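Be aware that the sequence shown starts at 2, since it is given in my numbering, and climbs by one per residue.
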Amino acid sequence: MDIVDGHVLDKLNLIESAISELAELHGHSALNPVSPSLFCLENGITFDERGKIIILLNRLFSENENVSYLELKRNIIREVPKLALLSEEVFEGMVNIFKKNYVIEEE
């Protein structure tokens, strides 16, 4: 890795750290995330996988606004298998913040 790449990587690490620190001031934790994107950064979820989760949640809630948590979990893990590694509490926190920030509520 050359000096420029190392410098860019250092800056990105500092930016991620700053965002984490600011989020923690607002109560962010693994069980109660305040930002879906920060949750993704912390849990190795790619931008593409984040998009899949958003689309899936919107589809499931538009089909049935009372969809069960177990059905949500089963469908999300089918779409992004590595999420099966999350603890139950962390997975629930992820669903809650994604739903809060990205699911379109019908009036």
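We put the CB at the ideal spot given by N, CA and C, even for glycine. Remember, it's a predicted structure, so these values are computed and weren't measured experimentally.
Proximity to residue i [Cα-Cα], best of the options
| i | options | result |
| --- | --- | --- |
| V91 | D49, D6, L13 and P37 | P37 |
| M95 | I105, L26, V68 and L39 | L39 |
| S1 | A31, E22, N102 and S69 | For residue 1 there is no data in the structure shown, the boundaries of the chain being 2 and 108. |
| K53 | L84, N65 and I20 | L84 |
| N65 | I46, C41 and E106 | E106 |
| P82 | L15, E22 and E50 | E50 |
| N102 | L86, I55 and E93 | I55 |
| V68 | K100, L15, L86 and L10 | K100 |
Sub-8 Å separation of residue i and residue j beta-carbons
| i | j | result |
| --- | --- | --- |
| V104 | F48 | no |
| L42 | E72 | no |
Nearest-angstrom beta carbon gap, residue j and residue i [assumed within contact, 8 Å]
| i | j | result |
| --- | --- | --- |
| L57 | E80 | 5 Å |
| I78 | P34 | At roughly 18 Å, the Cβ-Cβ gap does not stay under 8 Å, so I78 and P34 are not in contact. |
Open item on the list: Ignoring anything shorter than 4 residues, give me the alpha helix (DSSP H) runs that lie fully in the segment 72 to 105, in order along the chain.
Closed with: 89 to 103
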